[in-house]
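Residue numbers are given in the working numbering: position 353 of the sequence shown equals residue 354, and the series is strictly consecutive.
Everything on this sheet refers to the single structure shown next.
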Amino acid sequence: MPVKESFTLPADRLRALADRYGSSPPAVARAAVLLVLSRFAGPDDPLKGAAPTFGELIVRAGAADVPFTLTEVDGRAEVVTDLVDATTAARLAEHCAVALEQVERDPALGVGDVALLSAEERERVLHEFNDTAAPFASDAGVHELFQAQVERTPHAVAVVGGDQTLTYGGLNARANRLARTLRGAGVRRGGLVGVCLERSPELVVAMLAVLKAGAAYVPLDPDYPAERVEFMIRDTGLPLVVTSPACQDRTPGVAQVLVDGSPSTSADTDPPPAVGPDDLAYVMYTSGSTGRPKGVMVGHRAICRLVNGNRFAEVTAADVVALAASFSFDAFTFECWAALTTGARLVVLSGETVLDARKLKTAVHQHGITTMYLAAWLFNQHALESPDLFAGMRTVLYGGEAVDRSAADGLVAGPWAPDAVVNGYGPTEATTFTACHRIRPGDGRPVMPIGRPIANTEAFVMDRWGAPVPVGVPGELWVGGPGVAHGYWNRPGLTAERFTAHPFTPGARVYRSGDLVRWLPTGELEFLGRMDRQVKIRGFRIEPLEIEAVLTARDGVTAAVVEVREESAGDKRLVAYCVSTETVEALRECCRRSLPDYMVPSAFVLVDSFALTPNGKLDRAALPAPDVASRYVAPRTRAEETIVKIWAEVLNVPRVGVHDDFFELGGQSLLATRIMSRIRRQLGVEVRMRMLLDAPTVAGLAERIGMGEFPGAAEPAAPPLVRRGPR
2 MPVKESFTLP ADRLRALADR YGSSPPAVAR AAVLLVLSRF AGPDDPLKGA APTFGELIVR
62 AGAADVPFTL TEVDGRAEVV TDLVDATTAA RLAEHCAVAL EQVERDPALG VGDVALLSAE
122 ERERVLHEFN DTAAPFASDA GVHELFQAQV ERTPHAVAVV GGDQTLTYGG LNARANRLAR
182 TLRGAGVRRG GLVGVCLERS PELVVAMLAV LKAGAAYVPL DPDYPAERVE FMIRDTGLPL
242 VVTSPACQDR TPGVAQVLVD GSPSTSADTD PPPAVGPDDL AYVMYTSGST GRPKGVMVGH
302 RAICRLVNGN RFAEVTAADV VALAASFSFD AFTFECWAAL TTGARLVVLS GETVLDARKL
362 KTAVHQHGIT TMYLAAWLFN QHALESPDLF AGMRTVLYGG EAVDRSAADG LVAGPWAPDA
422 VVNGYGPTEA TTFTACHRIR PGDGRPVMPI GRPIANTEAF VMDRWGAPVP VGVPGELWVG
482 GPGVAHGYWN RPGLTAERFT AHPFTPGARV YRSGDLVRWL PTGELEFLGR MDRQVKIRGF
542 RIEPLEIEAV LTARDGVTAA VVEVREESAG DKRLVAYCVS TETVEALREC CRRSLPDYMV
602 PSAFVLVDSF ALTPNGKLDR AALPAPDVAS RYVAPRTRAE ETIVKIWAEV LNVPRVGVHD
662 DFFELGGQSL LATRIMSRIR RQLGVEVRMR MLLDAPTVAG LAERIGMGEF PGAAEPAAPP
722 LVRRGPR
């Protein structure tokens, strides 16, 4: 039951509080609320000598968000608090009492020096919530775990993709031959080797070979624009890239080894061990807050901690695991190595298959897939539109951003529910997963927690002074344990800023995530948002500053600001505002040449200047909504009527004309799959991605569809998503 407490203060005492803690009514009221909760509302002021910034102490104590009312009647002020429940009231009272006792003992104590946790609660948040130690292979390289599995099950199927099937023994032999070729080309322990291949069994061969040769692999996604691939090669100083004839032109100017180029006479036995658990396994690039991508350095021990003896999604030799994530996305790490170190079968799925619910359902049932990870936005889409694709699965994981609660609840309560649906959270710098939450039917929570720390992982919720905060109080998530990355490649300053000394374990380090979270009384974490401008859109981590840097590098752009607009719940879109003499088309093409598709803004707005706040900062609230209206022309044919309706629903815009551009309305290749799926269902026509890119208007697409025997003739099967940028 809610708890209501009230007390009154004489007006002169209210004025005294105002003088001490700030003159604004909220500051006064919060100070008064603090007095109520701490049971210190007596005739003597117990806060004598407290620091002038005592309002910050109120925030630290968790009382800043306590609902209250403040009224003044007949010269007296009345404060009424209405808390969620008696437990919350008692917890806040304890925090405030602990703080006030310290202030009374030492009036000169600074706000940051005041401890809020009792000994019991400190033990709870630091040790009880972090009781995650479990045995794992801490002294091995991840490829050595694979080799041990080869010894156990050499004839079991390891990887399936396209028309290829590789056993554990066959995969190991191919990787060994390539590893010897790499060593012959000069690859040594501690080096870096680029891998530029489509998602395929050959990609798995290449990664294993690089690790067996003693080096770390650098994912070079062939779908990335040429400028971004060139930057990663230049930034890491890659001497060598493993590639294929189909991808050779993506990495010009650097020595190349073909994944299938090793002589058949090469020895296929395991090469001598060349790495230890502290050596790097990969360097994976993420969007950078300084305007350029940054490479996260992940070691072997971090991967072993993720996949060896994990409790959040156990994978066994009986499982069939989908390789569904992009090679440049760290979920790939879990999918690949969780399967290959346990004897499971790894099924390589194309990006096109993963995005299309119909094709994904076919693949799941054809291969008997039992374990799969999906980005949250894709999980939302498939769980709502085609929940039967999960039928018979053992574990479905999702993550990357907030999930639609109705999608998760509907799936776990429905007839197609997998054995386990798991919400996984974790930054790349902490090796894929930091915390996981298993969803239960009917738990009734309005907000989905991100869960408890996984095995061998520590989570600390810290305030701005580097002290742990009480349960229920927001703070920054610091991550500890063997999953913490080594730092950022060639970025010592940024590494020192984000990877700092462990506050409680001498000699260890933690990663300061920049994510705002809080502990729930259950020992689970709740995600509240970011402390900076970093965003997650459709599972991808995006730093708007990197996009702004690409735009302002052009001579015709004086200034640029990139914002995320959410026109409806969960529908986030990047919008670029530019002071520029260039056209929108030129700006969009500039971004496509330098950025991955998911980082290209869906709308560009040209402005004469940016409005500023009174203190001279950018007034983000004054940035106009993009005007997607065009010279409206109504649909004229059956095909146009159907496409207009589909676009309006998928893109969430009120009106679509036949000459409106798909991408200017907020479309991108990830949304295009939903468009194509609905057109196929409603018109009986298979639309290829290439058709939408070449004819991005309703009229143009309808005309392309009409080139067959409309409405019944089907186009050939859709190819993989078109690469962005010059080839």
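C-beta: ideal position from N, C-alpha, C; glycine also.
DSSP beta-bridge partners of residue i
{"i": "D662", "result": "T698"}
{"i": "C437", "result": "G425, R453"}
{"i": "K295", "result": "T287"}
{"i": "D516", "result": "R531"}
{"i": "Q257", "result": "V242"}
{"i": "A1", "result": "The structure shown does not extend to residue 1, since the chain spans only 2 to 728, so no value can be given for it."}
{"i": "I538", "result": "F541"}
{"i": "E469", "result": "Position check: residue 469 holds Pro in this sequence, whereas Glu was assumed. In DSSP, P469 forms a bridge with M463."}
Residue i classed as buried or exposed, judged by whether at least 16 other C-beta atoms fall within 10 angstroms
{"i": "Q165", "result": "exposed"}
{"i": "T582", "result": "exposed"}
{"i": "D357", "result": "buried"}
{"i": "A247", "result": "exposed"}
{"i": "L693", "result": "buried"}
{"i": "H128", "result": "exposed"}
{"i": "A623", "result": "exposed"}
{"i": "A159", "result": "buried"}
{"i": "Y283", "result": "buried"}
{"i": "E102", "result": "exposed"}
{"i": "Q382", "result": "buried"}
{"i": "P223", "result": "buried"}
{"i": "R229", "result": "buried"}
{"i": "W466", "result": "exposed"}
{"i": "L167", "result": "buried"}
{"i": "L613", "result": "exposed"}
{"i": "A554", "result": "exposed"}
{"i": "A345", "result": "buried"}
{"i": "T584", "result": "exposed"}
Rounded distance between the beta-carbons of residue j and residue i, thought under 8 Å
{"i": "T371", "j": "A314", "result": "Contact doesn't hold; Cβ gap of about 11 Å is too wide."}
{"i": "M463", "j": "A409", "result": "Not really, about 29 Å apart at Cβ, beyond 8 Å."}
{"i": "V551", "j": "C579", "result": "Actually they do not touch by this definition, with Cβ atoms about 11 Å apart."}
{"i": "V258", "j": "T182", "result": "6 Å"}
{"i": "L179", "j": "V276", "result": "Not really, about 16 Å apart at Cβ, beyond 8 Å."}
{"i": "F541", "j": "G310", "result": "That pair is no contact at about 29 Å."}
Cα-Cα separation, residue i to residue j
{"i": "D140", "j": "P278", "result": "5 Å"}
{"i": "V85", "j": "R519", "result": "At V85 the pLDDT is 48, less than 50, meaning the model places this residue with poor confidence; the figure from the coordinates comes in the next sentence. The alpha-carbon atoms of V85 and R519 are separated by roughly 16 Å."}
{"i": "L702", "j": "A216", "result": "47 Å"}
{"i": "W378", "j": "I538", "result": "8 Å"}
{"i": "G185", "j": "L241", "result": "12 Å"}
{"i": "Q148", "j": "E203", "result": "17 Å"}
{"i": "W490", "j": "M285", "result": "9 Å"}
{"i": "T429", "j": "G162", "result": "26 Å"}
{"i": "A729", "j": "L619", "result": "Nothing about residue 729 can be read from this structure; the chain reaches only from 2 to 728."}
{"i": "E641", "j": "V423", "result": "41 Å"}
{"i": "T342", "j": "F664", "result": "42 Å"}
{"i": "P416", "j": "F391", "result": "10 Å"}
{"i": "A174", "j": "R439", "result": "38 Å"}
{"i": "A604", "j": "A176", "result": "45 Å"}
{"i": "L495", "j": "V563", "result": "22 Å"}
{"i": "A340", "j": "V321", "result": "8 Å"}
{"i": "G187", "j": "L347", "result": "31 Å"}
{"i": "F461", "j": "P471", "result": "11 Å"}
{"i": "A436", "j": "T458", "result": "8 Å"}
{"i": "H156", "j": "D269", "result": "16 Å"}
{"i": "R675", "j": "V654", "result": "15 Å"}
{"i": "A364", "j": "A325", "result": "11 Å"}
{"i": "A456", "j": "A587", "result": "49 Å"}
{"i": "G171", "j": "L212", "result": "17 Å"}
{"i": "G685", "j": "I644", "result": "12 Å"}
{"i": "G192", "j": "H301", "result": "14 Å"}
{"i": "E544", "j": "S267", "result": "45 Å"}
{"i": "R189", "j": "A214", "result": "7 Å"}
{"i": "A116", "j": "T506", "result": "19 Å"}
{"i": "P253", "j": "L596", "result": "18 Å"}
Neighbour flag for residue i against chain D, beta carbons, 8 Å
{"i": "G467", "result": "Included in the structure is just one protein chain, with no chain D present."}
Runs of alpha helix (DSSP H) wholly within the segment 569-601 (minimum 4 residues, chain order): 585-595
In chain order, each beta strand (DSSP E) run of at least 3 residues that lies wholly inside the segment 160-198: 165-168, 193-196
Sequence ranges, beta strand (DSSP E) only - wholly within the segment 307-389, length at least 3: 321-324, 346-349, 372-376
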